[in-house]
Amino acid sequence: MAVFLYILLMVINFIVKIVCALIKRVDLTNSLFIGVIPVFLVRNKGFDKMTNWIIFGIAVLLALVIQHMFTIAKILASVISCVAIAFLCSIWKSYDSRHAQLTVVAIGTIIAAIWNLQYWYGYKTEL
123 MAVFLYILLM
133 VINFIVKIVC
143 ALIKRVDLTN
153 SLFIGVIPVF
163 LVRNKGFDKM
173 TNWIIFGIAV
183 LLALVIQHMF
193 TIAKILASVI
203 SCVAIAFLCS
213 IWKSYDSRHA
223 QLTVVAIGTI
233 IAAIWNLQYW
243 YGYKTEL
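Okay, so the sequence shown: first residue is 123 according to our numbering, each after it adds one.
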């Protein structure tokens, strides 16, 4: 029983550390949202799982590198991330009324926008 509890606590600790890293590194989170787009575009083309993971990995890596090279890429990645979060918020509240859906979408988008602005402003002042 103690071994099971220890393993469970290790898994929970690992998940919490990943979530904290994604919250601290908005550029990485934005890259993950951007990396999902090509996978969604080719999901019906008959590729196997490994090919989809390779497409995802390459897209994430390119998005991460390009965000740090160009200011316009930072802005575009932030906008794409806000749109993706708005889409996910609308799916999450799909059973509720239209007004409640739009409220959740607005709140999620505003939080994502503030989160992106705060990160990139803080990143710029650290350099």
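Cβ coordinates follow ideal geometry from the N, Cα and C atoms, glycine included.
beta-carbon D149 near the ligand HEM non-hydrogen atom, thresh 6 Å = Among the components modelled here there is no ligand, and therefore nothing to report on the ligand HEM.
Around the Cβ of T151, are there at least 16 other Cβ atoms within 10 angstroms (buried) or fewer (exposed)?
-> buried
Ends of the alpha helix (DSSP H) at F209?
-> 193-214
Distance, A181 Cα to T173 Cα | 12 Å
Take every Cβ of the segment 188-206, pair it with every Cβ of the segment 234-241, and state whether three or more of those distances are shorter than 8 Å.
-> yes
CA-CA distance, I207 and I232?
-> 10 Å
Cβ separation of L186 and D149, assumed to be a contact under 8 Å, to the nearest whole Å | 6 Å
Supposed contact pair I145 and I202 - C-beta distance, whole angstroms, cut 8 Å = Not quite, the Cβ-Cβ distance comes to about 18 Å (not below 8 Å), so this is no contact.
So is S153 buried or exposed if we call it buried at 16+ other beta carbons inside 10 Å?
-> buried
Determine, using beta carbons only, whether I140 and V161 come nearer to each other than 7 Å.
-> I140 is not a Cβ neighbour of V161, given a cutoff of 7 Å.
Cutoff 6 Å; reference C211; Cβ partners in own chain excluding five residues on either side = V226, V227, G230
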